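> Supplied in structure tokens, the structure appears directly below.
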Amino acid sequence: MRRENRILTSHGGNLPRPRDLDELIAQGDREAVDARLPGAVAEVVARQIECGIDTVNDGEYVKAANMAGYSGYIHARVTGWETLPIDPSVPPKREYVAARDKADFPGTYASGLWLSGSGGPVRPGFATPGAVPKMPTSARVCTSPITYVGQDAIAADIAAMKTAVEGKEVDGFIAALGPLSLGAGARNEHYASEGEYMFAVAEALREEYRAVTDAGLVLQIDEPEFATTWQFHPSWTVEELRRYLEFAVEVINHSIDGLPAEQIRMHTCWGSGHRPHTHDIGLEHIADLLIKVNTQAYAIESGNVRHAHEWRVWEDVKLPEGKILVPGVVSHATDLVEHPELVAERLTNFASVVGKENLQAGTDCGIGSRVGHEEIVWAKLAALSEGAAIAGRRLWAA
């Protein structure tokens, strides 16, 4: 999409679903869900356009429609893993996403409150106060060659998205899980090494990625593990994390090898959980590695109270020429709707360090299931658009 002296807008991916679609999903009527999805995608695209969003998506409805959530949808599209009982005599490959925070906030984690939604009332599907999460008794293990089998599924996603944006003055994007988020947490018992295993994961996902870019759509690689891995390994030093992330960059770049970088952006964040986040790794430790990923754009959580100050990191870490930063200037971590002037202020700060031509406006993460009511989601996206317009007028008038 042409810029025309303004800051373009997008978002993290997840958006509220129509109630009737949720009812069909709850009923487990796969045929009815598939029949409803194209219309639902058209509706959510129209709603994004009403809010002033320039690069729109399908609301990630397919992930919910597969009844598998943010990451589970891909398991129906890639084979090679089995779900096996956990052997208590084998040490876990890693801890979970809040391992460092848990040590400092034992009462919070014992209460189960950290599993609740990010703002407002406790969401359906999350823990209620006093609930204690159950420890898993099984885990995914790679036991055979990893193979992509989701050609029909991604073709349907693409068809619905292209139909919904046809004739509209917007770009369409599809969010797909990254190779770290798919493979890094599972134990490998098939390939000769972890490196061989992760490169096989990357090659399998490349088939899905290629389908998106071949269709002329923008591919968003969802890779929160680039930032959250620090929590998974509480014994690591920063140097150990950086060595791992050097490997992670190789894996991600392998997954997009041969694909057009100008159609790809990578999203990373520190996880959407409602928890203290006091041990999130600082952006200053990973930003220089992030920009080694061969995508044109980098969408980074930047709007919540733990990370809003990190725009200054880009004073020292220089964005490569021709690259685009898509900071989250609207947060999923609160039901408060950001004032457009705050959005404009945040964007102006980023423009001062990366340049207005290298900047787009985004959200921290997908906000569809992370704020209290869908009305708040649409208000946040409208505020995002209004704030970007304010910032654009000021920046191009300067």
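Residue numbering for the sequence shown follows UniProt numbering, starting at 1 and increasing by one per position.
We put the CB at the ideal spot given by N, CA and C, even for glycine.
All figures in this text were calculated on a predicted structure; none of them were measured in a lab.
(1) Going by the beta-carbon positions, is the gap between GLN220 and HIS267 smaller than 7 Å?
(2) DSSP three-state label for TRP396, please.
(3) With a cut-off of 7 Å, does the C-beta of VAL343 fall near any C-beta of chain C?
(4) Would you mind giving the Cβ-Cβ distance between CYS142 and HIS190, rounded to the nearest angstrom? I have them listed as a contact below 8 Å.
(5) Considering only DSSP beta bridges, list what GLN220 is partnered with.
(6) Would you identify the three-state DSSP class for TRP81, choosing helix, strand or coil?
(7) Leaving out the 5 sequence neighbours to the left and right, which residues in its chain are closer than 6 Å to PHE232 when beta-carbon positions are compared?
(8) Grab me the residues of TRP396's own chain with a C-beta within less than 8 Å of its C-beta, minus the 5 sequence neighbours each way, in chain order.
(9) Roughly how many angstroms lie between the CA atoms of ASN349 and GLN48, to the nearest whole one?
(10) Out of CYS51, ALA186, ALA32, state which residue places its alpha-carbon closest to the alpha-carbon of PRO91.
(11) In three-state DSSP terms, what is VAL141?
(12) Which of the three DSSP states is assigned to GLY52 in this structure?
(13) Leaving out five residues on either side along the sequence, give the residues of the same chain with a beta carbon under 6 Å from the beta carbon of GLY125.
(14) Go through its chain and collect everything with a Cβ distance to TRP378's Cβ below 7 Å, but skip five positions before and after it.
(15) Does DSSP classify ILE154 as helix, strand or coil?
(16) Would HIS83 be called buried (16 or more neighbouring beta carbons within 10 Å of its own) or exposed?
(17) Below 6 Å CB to CB, which residues in the same chain sit around LEU21 once its five sequence neighbours on both sides are set aside?
(18) Between which two residues does the alpha helix (DSSP H) holding VAL251 run?
(19) Using only CA atoms, which one of GLU31, SER331, ARG140, GLU23 lies nearest to GLY368?
Here's the rundown:
(1) Taking the sequence shown and counting its residues from 1, one reaches residue 220 at position 220. Taking the sequence shown and counting its residues from 1, one reaches residue 267 at position 267. Their beta carbons are under 7 Å apart, which means GLN220 touches HIS267 by this criterion.
(2) Here residue 396 refers to the residue found at position 396 when the sequence shown is read from its first residue. Reduced to three states, the DSSP call for TRP396 is helix.
(3) Absence of chain C from the displayed structure is noted, only one protein chain being present.
(4) Here residue 142 corresponds to residue number 142 of the sequence shown, with the count starting at 1. Here residue 190 corresponds to residue number 190 of the sequence shown, with the count starting at 1. That belief holds up - the Cβ atoms of CYS142 and HIS190 are roughly 5 Å apart, short of 8 Å.
(5) What you label residue 220 is simply residue 220 of the sequence shown in a count that begins at 1. Bridge partners of GLN220: ALA175, ARG265.
(6) Position 81 of the sequence shown holds residue 81. Of the three classes helix, strand and coil, the one that applies to TRP81 here is strand, per DSSP.
(7) Within the sequence shown, the letter at position 232 stands for residue 232. Closer than 6 Å at the Cβ level, and outside the excluded window around PHE232, lie ARG94, GLU95.
(8) Numbered from its first residue, the sequence shown carries residue 396 at position 396. Only ASN5, ARG6, LYS356 meet the Cβ criterion.
(9) What you label residue 349 is simply residue 349 of the sequence shown in a count that begins at 1. What you label residue 48 is simply residue 48 of the sequence shown in a count that begins at 1. For ASN349 and GLN48, the distance between alpha carbons rounds to 25 Å.
(10) Residue mapping note: residue 91 aligns to position 91 of the sequence shown, counting from 1. Among CYS51, ALA186, ALA32, the Cα nearest to that of PRO91 belongs to ALA186.
(11) Counting from one through the sequence shown, the residue named residue 141 turns up at place 141. Of the three classes helix, strand and coil, the one that applies to VAL141 here is strand, per DSSP.
(12) Along the sequence shown, read from residue 1 onward, the residue named residue 52 stands at position 52. It is coil, neither helix nor strand.
(13) Start at 1 with the first residue of the sequence shown, and residue 125 comes out as number 125. Because GLY125 sits at a pLDDT of 39, beneath the cut-off of 50, its placement in the model cannot be relied upon, and the following sentence gives the value as read from the coordinates. Here the set comprises nothing.
(14) Indexing the sequence shown from 1 puts residue 378 at position 378. Cβ neighbours of TRP378 beyond the five flanking positions: ARG47, CYS51.
(15) The residue given as residue 154 occupies position 154 in the sequence shown. The answer is helix: DSSP assigns ILE154 an H, G or I state.
(16) Locating residue 83 in the sequence shown gives position 83, where the first residue counts as 1. The residue you asked about is not His; residue 83 is Thr in the sequence shown. Classification of THR83: exposed, given that the 10 Å Cβ count is below 16.
(17) Reading the sequence shown from its first residue, position 21 is the one you call residue 21. Only ARG36, ALA40 meet the Cβ criterion.
(18) Taking the first residue of the sequence shown as 1, we reach residue 251 at position 251. It spans 238 to 255 - the alpha helix (DSSP H) in which VAL251 sits, taken as one unbroken run.
(19) Position 368 of the sequence shown holds residue 368. The shortest Cα separation from GLY368 among GLU31, SER331, ARG140, GLU23 belongs to SER331.
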